[in-house]
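Okay, so here's the structure we're looking at.
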Ligand code: ARG
């Protein structure tokens with residue numbers, strides 16, 4: 462009998478096949494070029510499966526021992542660069558099985574008992590992503606630490622606060638930076654939450670319907686560190702929700718990094734000048750010798766497109782699929798791999814940028830907050846404390862600002878007499894209240910930018926992050 466055929470090699474398919482694949486179709490069909498990324502997880506999953514088969518009496522202990530030793534040998538071959546599957550292997554699962562059979566002979570052919578590539582690939586992907594989520598969480602924490610260190614350094618520094626990118630009210634710089642720490646904390650929570658739904662074992666669902674082989678799904682699940690097993694075999698091999706959920710969580714990480722990146726780019730501009738870029742993280746121009754460019758935050762901002770795109774791609778890939786496995790799923794891998802790589806590269810780059818790439822310029826920041834009308838609300842608030850209804854105070858301050866703009870002066874340039882012409886309740890203490898530092902210090906409401914509130918938050922965050 463013929464020994465099965467495939468495009469380049471032989472023996473992949475059953476004897477039903479007589480002719481090999483068209484070479485272009487072989488290339489088109491193969492995923493080995495990228496799913497080799499899952500090699501470690503494929504070996505881990507196969508080892509757990511082989512041990513379970515022996516536990517359940519499906520194969521002997523000796524056979525399981527041989528299978529595990531063979532799988533470990535493939536691991537060492539890969540480590541020394543000697544495991545190099547080709548297109549004819551189609552994917553990582555076949556590549557491993559083939560090598561195992563080459564190493565062990567007939568025993569190698571027992572590994573795939575009670576299992577399909579459909580539950581196998583789902584297992585590999587989940588194991589791989591679970592590890593990456595843990596690493597990403599640490600990368601998020603590193604960014605939070607870097608932000609906290611900067612915040613700690615700038616608990617006394619002021620920065621203009623903006624809405625609509627128009628000067629609004631002055632802020633404590635640490636408060637501004639801590640906002641990003643909060644955003645990243647939500648990202649961390651989301652990653653942890655997704656991990657719960659990644660950490661479910663599809664192994665043993667077999668092709669789609671389960672298997673008559675007396676396997677023990679709990680045993681492989683426990684061995685591989687899965688929290689639970691899928692209750693429905695069809696759902697087990699068809700579920701790619703976790704790729705979407707994870708990519709959505711990663712997309713938000715990217716969106717947050719991109720917002721921060723945008724601020725750094727703005728802060729580093731000559732018009733703004735709030736930060737200096739150090740030579741460690743900035744680049745020059747090939748033509749203009751005076752240039753120092755913020756390439757790092759620009760790349761982070763630019764790379765969002767890939768992650769957002771993959772999220773859309775995954776959703777689209779899933780939406781029309783009938784149960785159960787469809788080859789469309791092969792498309793999940795490159796997307797997921799790129800989402801993980803891009804997000805972790807960006808987290809690392811932003812952490813380095815924050816650690817040693819940007820230096821805030823307190824003198825420029827101080828000068829900025831002192832030369833605008835961002836204390837206008839405080840005049841209104843002052844009038845409110847003296848019984849003037851807010852809307853009336855608001856109108857009045859608007860008129861004062863208008864006058865100042867006409868005269869080319871700032872609010873704090875007005876004398877007490879001039880103020881009293883606007884409203885008789887105004888006294889000398891208003892002038893004090895208009896100093897930017899006082900404006901910031903006055904915002905004592907919970908979550909506000911007052912220095913004492915920020916001190917509390919800094920203490921809280923250094924406590925929270927100290928164990929991370
Ligand atoms: N390479 C395939 C993938 O990535 C593995 C599963 C193939 N299963 C199948 N029945 N063709 O999805």
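In our numbering, the protein residues as written are 462 to 929. By construction, the Cβ of each residue, glycine as well, lies at the ideal position given by its N, Cα and C atoms.
{"Check": "Determine the direct distance from the alpha carbon of residue 552 to that of residue 492, and round the result to whole angstroms.", "Outcome": "5 Å"}
{"Check": "Any idea if residue 520 is buried or exposed, counting beta-carbon neighbours within 10 angstroms, 16 or more meaning buried?", "Outcome": "buried"}
{"Check": "How would you call residue 885, buried or exposed, if buried means at least 16 neighbouring beta carbons within 10 angstroms?", "Outcome": "exposed"}
{"Check": "Rounded to the nearest angstrom, what separates residue 855 and residue 621 at their Cα positions?", "Outcome": "21 Å"}
{"Check": "Would you kindly work out how many angstroms separate the C-alpha atoms of residue 645 and residue 889, rounded to a whole number?", "Outcome": "44 Å"}
{"Check": "Identify the continuous beta strand (DSSP E) that holds residue 737 and give its terminal residues.", "Outcome": "736-738"}
{"Check": "Output needed for residue 698: all residues of its chain with C-beta closer than 7 Å, excluding positions within five of it in sequence on either side, in chain order.", "Outcome": "579, 580, 583, 663, 666, 669, 785, 786"}
{"Check": "From residue 710 to residue 676, what distance separates their C-alpha atoms?", "Outcome": "35 Å"}
{"Check": "In chain order, what residues of the same chain lie with their CB nearer than 8 Å to the CB of residue 467, ignoring the 5 residues before and after it?", "Outcome": "Residue placement at residue 467 is poorly supported in this model, since its pLDDT is 44, which falls under 50; the coordinates are not used for a value here."}
{"Check": "Please indicate yes or no: does the CB of residue 694 lie closer than 6 Å to some heavy atom of ligand 1?", "Outcome": "no"}
{"Check": "At a cut of 8 Å, does the segment 633-640 reach the segment 603-612 through at least three beta carbon pairs?", "Outcome": "yes"}
{"Check": "Would you mind sorting residue 904 into buried or exposed? The rule is 16 or more other CB atoms within 10 Å of its CB.", "Outcome": "buried"}
{"Check": "Whole-angstrom Cβ separation of residue 498 and residue 703, contact assumed at under 8 Å?", "Outcome": "Their Cβ separation, rounded to whole angstroms, is 17 Å, which puts residue 498 and residue 703 out of contact at 8 Å."}
{"Check": "Flag this pair as yes or no: are the beta carbons of residue 714 and residue 804 separated by less than 7 Å?", "Outcome": "yes"}
{"Check": "Are the beta-carbon atoms of residue 718 and residue 811 separated by less than 7 Å?", "Outcome": "yes"}
{"Check": "Tell me the DSSP bridge mates of residue 689?", "Outcome": "661"}
{"Check": "Which residues bound the alpha helix (DSSP H) around residue 609?", "Outcome": "578-614"}
{"Check": "So, residue 873 versus residue 891, is the Cβ gap smaller than 7 Å?", "Outcome": "no"}
{"Check": "Please list, in chain order, all residues with a C-beta atom less than 5 Å from at least one heavy atom of ligand 1.", "Outcome": "492, 552, 578, 582, 790, 791"}
{"Check": "Report the option in 744, 594, 733, 913 whose CA atom is closest to the CA atom of residue 650.", "Outcome": "594"}
{"Check": "Use the C-beta contact count for residue 605: other C-beta atoms within 10 angstroms, 16 or more gives buried, fewer gives exposed.", "Outcome": "buried"}
{"Check": "Inspect the beta-carbon positions of residue 764 and residue 807 and report whether they are closer than 7 Å.", "Outcome": "yes"}
{"Check": "Quick one, which of 875, 781, 730 has its alpha-carbon nearest residue 754's?", "Outcome": "730"}
{"Check": "Taking the beta carbon of residue 828 as the centre, do at least 16 other beta carbons fall within 10 Å, making it buried, or is it exposed?", "Outcome": "exposed"}
{"Check": "Counting C-beta neighbours from all protein chains within 10 Å, is the total for residue 835 16 or more, i.e. buried, or is it exposed?", "Outcome": "buried"}
{"Check": "Taking just the CA atoms, how far does residue 929 sit from residue 696?", "Outcome": "35 Å"}
{"Check": "What number of angstroms, rounded off, separates the C-alpha of residue 556 from the C-alpha of residue 573?", "Outcome": "13 Å"}
{"Check": "Do residue 868 and residue 628 have their CB atoms nearer than 7 Å?", "Outcome": "no"}
{"Check": "In chain order, what residues of the same chain lie with their CB nearer than 8 Å to the CB of residue 911, ignoring the 5 residues before and after it?", "Outcome": "633, 901, 902, 903, 904, 905"}
{"Check": "How would you write the range of the alpha helix (DSSP H) that residue 473 sits in, first residue to last?", "Outcome": "No alpha helix (DSSP H) holds residue 473; DSSP gives it neither H nor E."}
{"Check": "When DSSP builds the beta bridges, which residues end up paired with residue 873?", "Outcome": "In the DSSP output, where bridge partners are listed per residue, residue 873 has none listed."}
{"Check": "Between which two residues does the beta strand (DSSP E) containing residue 622 stretch?", "Outcome": "619-624"}
{"Check": "From this set, 866, 716, 759, which residue's C-alpha is nearest residue 769's C-alpha?", "Outcome": "716"}
{"Check": "Give me the Cα-Cα distance between residue 523 and residue 535, rounded to the nearest whole angstrom.", "Outcome": "18 Å"}
{"Check": "Tell me which residues share the same chain as residue 816 and place their Cβ nearer than 6 Å to its Cβ, disregarding the 5 neighbours each side in the sequence.", "Outcome": "607"}
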